[in-house]
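Worksheet for the structure shown next.
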Amino acid sequence: MAEEILRIEDLSKEFVVKKSLFGKPQQTLKAVSHVNLTIYKGETIGIVGESGCGKSTLGRTILRLVDATSGHIWFKGTDLNSLSKEEMRQMRRKIQIVFQDPYASLNPRATVRELIRGPLDAFEIGTPKEREEEVEEMAKRVGIDVDYLDRYPHEFSGGQRQRIVIARALILKPEFLVCDEPVSALDVSVRSQVLNLLKDLQKQMNLTCIFISHDLSVVKYVSNRIAVMYLGHVIELANKDDLYNEPLHPYTQALMSAIPEPDVNHKRKSRPLSGDVPSPIDPPSGCVFHTRCPYATDRCSMNAPELACADNEKGHYFSCYYPHVLSKVADYI
Amino acid sequence: MAEDLLKVSDLVIQFKTKKGTLTAVDHVNFTVKKGEILGLVGESGCGKSVTSMQILGLNPKENTQVPEGEILFEGRDLLKLTQKELRAVRGEEISMIFQDSLTGLDPVIPIGKILVEAIRAHHKEISKKDAWNKGVKVLESVGIPSPEKRMHEYAHQLSGGMRQRVMIGLALLNDTKLVIADEPTTALDVTIQAQILDLLKKRQEEKENSVILITHDMGVVAEMTDRIAVMYAGMIVELASTRDIFTDAKHPYTQGLLKAIPKLDQPDNEKLYIIEGTVPPLGQRGDGCPFANRCEYATERCRNERPEPHTDSNGHMVRCFRAEEQDKEV
């Protein structure tokens, strides 16, 4: 196996939503609970889940845009959670992030040239002339016309703006990139342009990526391995083909069957899940999915299953007590 | 063949702006038959919402030019109705489900009161108590647990999926003949989306009413609709049965759109198809085919002349010179 680059160890993040009179936390929202994840060099790991499952919070804790409550994030042997503010700032030369909304990510009063150059200025890399050259080269790589560099973000379309954001994130030649729903705000015909660009750049620059999205077909297209999250927990982790062909967790199965496929011959196999996602402020006892799971038993509501390994060779992990039952039941539905 | 319920002919909608008059909807023609679900698909800014809003006369009066064309609903031209007459049509004969259920429901009025008001707006003879009971039944029919309790709650106390159920309940309240659903599941998660689509389809089959489903999601239309109209830059560029659109798309835009979506069985090393460039902004769409600047088959003629709708013997409509010629060759 390739070299390990990032290891998330027992990471949890709780947000305090209500404080007592003296500032003691009274109610907390468990956004991420005890997540373990190892990421290898050069791979793209997809994180999927529905809104509020903690996938974005997980991405942000890696850059320490929010500080984790407990746990460790090892980046090439350094625990990011133990770094000082300045050390972390320096670390962000190697770890970058692309957000969903390209409209909100760009300062409307700066030109595209200034925006892409920003990180070079911040870390004082190279002479002004070298920086200019670097900006122009990066712009070419992401497909922005060099003649347009002195324009402002509002003069660009959504897809072009996302290219600018990507150029800015990659100008420092980071090793690790977190993509938080980078194409969700884009129209279908533009989305494929940005997806192809991201995939190409990742290969060229040997980047390691975390790709966060709610869109399963997009995640499948860009990732090597996929982690499925539900209410702050990683409930299944596998190579993408194993995950799509042989999902073991009932939530993953439901999620797969709920996607409407752009194909007239495709019929949805099973009934959709009933009910809503429970509140992360007061998550269910035991397995967090048991309130909506069609196969749940008493055991599920009492104890939470650990993330277990189904196939050591393939590295297929899941957290469910009844995975065998599932594969059989799935045939009947 | 089923009867036409709604017939839109040569609809042109223009907005007055500082930059001059902009054409948002350009000679749009389509029909909705009784009991069918018509999908209206396209990217943002293609005019799909503007078209549907005009059916109910909901485009802002101040900056909309008087629309050209006709919108015939059971033989009546909706464009010629007065505000008062239109109000009688809204909610009673045609209803609408919006994307954003949080702005669609009044935040300071309990759900129950909204329902009672909507019922009594068209049927004054129903007492408040009967209307309340009917409201409870409506909530029950759209799958809301403990509907009695929910009647006293406010919009913000419900989850997104629940609110969208209330919206569907409201839209189906008076057994309207036509329901316009504008991106009804776009703001929802996939598992909730599946629930809502199932509900919409079930109710449509029970009531046998017609639905216009507006969406940008090709997966959703594949699953839900009978026919699909594909819009691009204010025009319907292709209109055919759902099967034909997915198996025999004729317009290069429709073809590209279908190829650009990653499929679940997409091979790993295969690149996604790219439609180069972006949609031309309003006011810069020229005289030619609006897709010409992004089309790999575009010729001089496409850039200068606008293709007219061409319908083949199967009723497959397309606005494209190339497709038209190919049809003639066959």
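Protein sequences appear in the order of chains A and B.
Heads up, the first sequence is in this note's numbering, so the first residue is 10 and it goes up one at a time.
Heads up, the second sequence is in this note's numbering, so the first residue is 166 and it goes up one at a time.
C-beta atoms are modelled at their ideal positions from N, C-alpha and C, and glycine is treated no differently.
Sequence-distant residues of the same chain with beta carbon closer than 7 Å to residue i, five excluded per side
i	result
P303 of chain A	P259
V303 of chain B	L280, G334 and L338
D340 of chain A	For D340 of chain A, the pLDDT reaches just 47, beneath the cut-off of 50, and the residue's location in the model is therefore unreliable, although a value from the coordinates is still provided. If we look at D340 of chain A and ignore the five residues flanking it on each side, it has no Cβ neighbours.
R466 of chain B	F486
K337 of chain A	In this prediction, K337 of chain A has a pLDDT of 48, which is less than 50 and means its spatial position is unreliable; what the coordinates show is noted afterwards. Correct list: empty, nothing qualifies.
P225 of chain B	none
K184 of chain B	G448
K172 of chain B	T196 and L237
Neighbouring residues, chain B, relative to residue i (Cβ below 7 Å)
i	result
A131 of chain A	Under the 7 Å cutoff, chain B gives no residues; its nearest Cβ is about 31 Å from A131 of chain A.
Q202 of chain A	I439
P420 of chain A	Beyond the ends of chain A as shown, which are 10 and 342, falls residue 420 of chain A; an answer cannot be given.
I243 of chain A	One point to set straight first is that residue 243 of chain A is Val, not Ile, in the sequence displayed. Correct list: empty, because the minimum Cβ distance to chain B is about 18 Å.
Anticipated Cβ contact below 8 Å, residue i with residue j, distance rounded
i	j	result
A283 of chain B	L338 of chain B	6 Å
Q219 of chain B	D347 of chain B	Between D347 of chain B and Q219 of chain B the Cβ distance is about 12 Å, and since that is not below 8 Å, they are no contact.
A313 of chain A	G295 of chain A	5 Å
K39 of chain A	P289 of chain A	5 Å
G256 of chain B	A296 of chain B	That pair is no contact at about 14 Å.
S217 of chain B	I426 of chain B	In fact, because the Cβ distance is near 23 Å, the residues do not count as touching under 8 Å.
Residues that DSSP places opposite residue i in a beta bridge
i	result
H475 of chain B	B:V483
A236 of chain A	A:I56 and A:L246
W297 of chain B	According to DSSP, W297 of chain B bridges with nothing at all.
I46 of chain A	Correcting the residue type first, residue 46 of chain A is Leu in the shown sequence and not Ile. A:I17, per the DSSP bridge assignment.
G204 of chain B	B:L378 and B:I393
Q259 of chain B	According to the sequence displayed, residue 259 of chain B carries Ile and not Gln. DSSP lists B:R255 and B:L343 as partners of I259 of chain B.
A317 of chain A	A:F327
T186 of chain B	B:K181
A405 of chain B	B:I393
C188 of chain A	A:V107 and A:F220
Close-in-space but distant-in-sequence residues of the same chain around residue i (CB under 6 Å, 5 per side omitted)
i	result
C485 of chain B	H416 and P472
G332 of chain B	Looking at the sequence shown, residue 332 of chain B is not Gly but Met. Counting only Cβ-Cβ distances below 6 Å, and skipping sequence neighbours, we find I262, S266 and G269.
Q491 of chain B	none
T261 of chain A	V237 and E245
E441 of chain B	R459
P281 of chain A	A267
A457 of chain B	A463, C467 and R468
Chain A residues whose Cβ lies nearer than 8 Å to that of residue i
i	result
K428 of chain B	S226, E270, P271 and D272
E329 of chain B	Contrary to the premise, residue 329 of chain B reads as Gln rather than Glu in this sequence. What Q329 of chain B touches in chain A: nothing, since even the nearest Cβ is about 11 Å away.
S209 of chain B	D196
V385 of chain B	P269
Residues of its chain near residue i, where Cβ-Cβ distance is below 8 Å and the 5 sequence neighbours each way are ignored
i	result
A167 of chain B	K198, K199, G200 and E201
N469 of chain B	D452 and G453
M147 of chain A	I125, A176, L179 and I180
E18 of chain A	N45, G80, H81, I82 and W83
C211 of chain B	M396, Y397, A398, G399 and V444
Chain B contact residues for residue i, given Cβ-Cβ distances below 8 Å
i	result
S64 of chain A	First, the residue type needs correcting, since residue 64 of chain A is Lys and not Ser in the sequence shown. Chain B residues near K64 of chain A: none, gap ~12 Å exceeds 8 Å.
Y230 of chain A	P427, Q431 and L437
Y253 of chain A	L429
A263 of chain A	T356
G168 of chain A	T443
Chain A contact residues for residue i, given Cβ-Cβ distances below 7 Å
i	result
G326 of chain B	D285
K436 of chain B	N205
R408 of chain B	V273
T229 of chain B	Correct list: empty, because the minimum Cβ distance to chain A is about 24 Å.
Interface partners of residue i on chain B, CB under 9 Å
i	result
H275 of chain A	G384, A387 and E388
Residue i: contacting residues in chain A (beta-carbon distance under 9 Å)
i	result
H381 of chain B	D196 and V197
T412 of chain B	V273 and N274
L447 of chain B	The contacting residues do not exist; L447 of chain B stays about 13 Å from chain A at best.
G200 of chain B	Within 9 Å Cβ-Cβ: nothing; G200 of chain B doesn't reach chain A, min ~19 Å.
L267 of chain B	Going along chain A, no residue has its Cβ under 9 Å from L267 of chain B, so there is no contact; the nearest lies around 14 Å.
L423 of chain B	P271
- Is there contact here, the stretch 25-40 of chain A with the stretch 191-206 of chain A, by at least three beta-carbon pairs under 8 Å? no
- Determine, using beta-carbon pairs with one atom in the stretch 173-180 of chain B and one in the stretch 189-209 of chain B, whether at least three such pairs fall under 8 Å. In short, these stretches touch, since the Cβ pair count reaches three.
- Query: Is the stretch 369-381 of chain B close to the stretch 414-432 of chain B, with three or more CB pairs under 8 Å?
  - Reply: no
- Any contact of the stretch 104-114 of chain A with the stretch 145-154 of chain A, i.e. 3+ C-beta pairs under 8 Å? no
- Message: Assess contact between the stretch 153-169 of chain A and the stretch 109-128 of chain A, defined as three or more Cβ pairs (one per stretch) separated by less than 8 Å. Is contact present?
- Response: Note that the stretch 153-169 of chain A touches the stretch 109-128 of chain A; at least 3 beta-carbon pairs, one per stretch, sit closer than 8 Å.
- Message: Check whether the stretch 216-233 of chain A and the stretch 49-64 of chain A touch, using three or more Cβ-Cβ pairs below 8 Å as the test.
- Response: yes
- Kindly confirm or deny that the stretch 194-210 of chain A and the stretch 121-141 of chain A touch, where touching means at least three C-beta pairs closer than 8 Å. no
- Message: Using 8 Å as the cut-off, can you tell me whether the stretch 264-277 of chain B makes contact with the stretch 303-320 of chain B, which would need three or more C-beta pairs spanning the two stretches below that distance?
- Response: Touching, yes, given that three or more Cβ pairs across the two stretches are closer than 8 Å.
- Task: Answer yes if the stretch 66-76 of chain A comes into contact with the stretch 92-107 of chain A, meaning at least three C-beta pairs across the two stretches below 8 Å, and no otherwise.
- Result: yes
- How do the stretch 237-253 of chain A and the stretch 315-324 of chain A stand: do at least 3 beta-carbon pairs fall below 8 Å, yes or no? yes
- Are there three or more Cβ pairs, one per stretch, closer than 8 Å when the stretch 375-395 of chain B is compared with the stretch 72-91 of chain A? no
- Task: Specify whether the stretch 402-415 of chain B and the stretch 232-241 of chain B touch according to this definition: at least 3 beta carbon pairs, one from each stretch, less than 8 Å apart.
- Result: no
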